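The sequence shown begins at 2 in this note's numbering and counts up one residue at a time.
All residues carry an ideal CB built from backbone N, CA and C; glycine is no exception.
This one's a predicted model, so the numbers in the text were calculated from it and none came from an experiment.
Only one structure is covered here, and it is reproduced in the block below.
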Amino acid sequence: MKSDSKIFVAGSKGLVGSAIVRRLKAGGYVNLITPEIDELDLTSQAAVKAFFAAEQPEYVVLAAAMVGGIHANNTYPADFIHINLAIQNNVIHQAYVAGVKRLLFLGSSCIYPKQAPQPMSEDCLLTGLLEPTNAPYAIAKIAGLKMCEAYNRQYGTQFVAVMPTNLYGPGDNFHPENSHVLPALVRRFHEAKRAHQHLPDNNVVIWGTGTPKREFLYVDDMAAGCVFVLELDDATLQQKLLNYPEPCFVNLGTGVDVTIRELAETVKAVVGFEGGLVFDDSKPDGTMRKLLDVSRAKALGWEAKIALREGIEKTYAWFLENEGKIRQ
C-alpha cells in the first residue's frame, strides 16, 4: 500500500476498527474512509453498493460485526447470525465488484471446533462441532472467510482473513452483562472497589467455575498484525496465504493462556480491589480451552508484544479516563 492509498475501514468506531485506524495513521496512511454507522448501513445491500460505487476504495478492512460475550450470544443468536452474514455478504461482494486490490476480513477464534486439539492451528477449521453458546456467530465468521476463499478461487481476488483470539483494550464494551469477560471484570471490580471497598463481605461474583483457560490479545497488537498482513508483498501473500487449498487466513494471538480465575486475580490487582472472589458455577463456562497456534503468524514475521498485565493496566487507565462516556 502507498501512503495515499484509499483505505475503507468498515467498523472504524468499534474496538477492533478504531485500533486498526490508529495503527494505519501511525504508519503514515492518510487517505482513510471511516463512515459513521448512521452514514452507512452495512446491512443494506443498496447502501453498500452505492458507497463502493461512489468511493472506489483500493483496500478494505472488514472489522464491522455484532459481537458479545456468552450472555449476549445466548440471548440474541438470531441477530448474531443475521446481522453478521448481511454485513459480510454486502462488503465482500461489493469489494469484488469495485476491483478492490486487497480485503482483510476479521474473524474470531470461535470458528474452531469445541473439542479442537490445543493449541488450535488454522487447519482445525471444520473438523468438529462448534461451541453451542456462540455457534451462530461462529458460523457467520466461517461463512465470511469461506466467501473470501471462494472469491479468490473464482475471481483471482486477494481477500485474506485474520483470526484474532479474545481481544481487549481501549474502546472496549464494558457492559457488565453483554461484554466479554475481561472488560466486564474491569468494570465489576472498579464499581465494587468504589462502592463497597471496606465492607467485610464485599465480593465480586464471576460466572462459571473459573477453570476454563483463555488467551487474550491487546487490541493494538491485533491492529499491528492486521496492518502487517495488509502490507505483505503480493508474492508472499500468494505463496503463504492464497495458496488454495491452504487456509486463506492466519491466527493472531499470544500463544499463552490463563484460567479465568488467574485473569480475575490479575484484574483485581490492577484495579486495586481488596474484596473476595465468588465463582457462580450455575452459569456456563463455555469452551474449556481456546488457545491459538500462532506458528503461522510467526513464520510470516509477526508476533504479539504486549503482555497481559501491561495490557490490562493500559485498558484500566483508558476506562478511568472515559468512564463518564461509557457508563451504561
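Return the Cβ separation of residue i and residue j in integer angstroms, given the expectation that the two are a contact with Cβ distance under 8 angstroms.
i: residue 73; j: residue 17; result: Residue 73 to residue 17, Cβ: 16 angstroms. No contact.
i: residue 10; j: residue 44; result: 17 angstroms between Cβ atoms; not a contact.
i: residue 250; j: residue 182; result: So it is not a contact: roughly 24 angstroms between Cβ atoms.
Consult DSSP for residue i and reduce its assignment to one of helix, strand or coil.
i: residue 278; result: strand
i: residue 77; result: coil
i: residue 319; result: helix
i: residue 52; result: helix
i: residue 161; result: strand
i: residue 250; result: strand
i: residue 223; result: helix
i: residue 148; result: helix
i: residue 25; result: helix
i: residue 30; result: coil
i: residue 237; result: helix
i: residue 65; result: coil
Tell me which residues share the same chain as residue i and place their Cβ nearer than 6 angstroms to its Cβ, disregarding the 5 neighbours each side in the sequence.
i: residue 50; result: 95
i: residue 271; result: 313, 314 and 317
i: residue 62; result: 10, 21 and 105
Here's a check: name, in chain order, each residue in its chain whose Cβ is nearer than 7 angstroms to the Cβ of residue i, leaving out the five neighbours to either side.
i: residue 210; result: 280, 282 and 286
i: residue 134; result: 71, 74, 75, 285 and 287
i: residue 241; result: 301
i: residue 385; result: Within the shown structure, residues of the chain are numbered from 2 to 329, placing residue 385 beyond reach of any answer.
Is residue i near the ligand ATP, going by C-beta to nearest heavy atom under 6 angstroms?
i: residue 290; result: Of the ligands one can find in the structure shown there are none, so the ligand ATP has no counterpart to examine.
Measuring alpha carbon to alpha carbon, tell me which residue in the options is nearest residue i.
i: residue 3; options: 44, 102 and 53; result: 102
i: residue 269; options: 203, 227 and 289; result: 203
i: residue 189; options: 213, 256 and 274; result: 274
i: residue 81; options: 19, 140 and 168; result: 140
i: residue 252; options: 115, 164 and 46; result: 164
i: residue 292; options: 90, 6, 118 and 100; result: 118
i: residue 207; options: 93, 124 and 277; result: 277
i: residue 52; options: 98, 186, 69 and 27; result: 98
i: residue 184; options: 218, 87, 79 and 123; result: 218
i: residue 121; options: 297, 305 and 327; result: 297
For residue i, which residues in the same chain have their Cβ closer than 8 angstroms to its Cβ, ignoring the five residues on either side in sequence?
i: residue 85; result: 66, 67, 138, 141, 142 and 145
i: residue 212; result: 260, 261, 262, 286 and 289
i: residue 24; result: 221, 224, 225, 227 and 228
i: residue 130; result: 114, 115 and 116
Is it the case that the stretch 146-157 contacts the stretch 314-325, given that we only count it when at least three CB pairs across the two stretches are under 8 angstroms?
no
For the pair the stretch 169-178 and the stretch 244-258, tell me if three or more CB-CB distances fall below 8 angstroms. no
Any chance the stretch 107-117 sits against the stretch 51-59, with 3 or more Cβ pairs inside 8 angstroms?
Touching, no, given that fewer than three Cβ pairs across the two stretches are closer than 8 angstroms.
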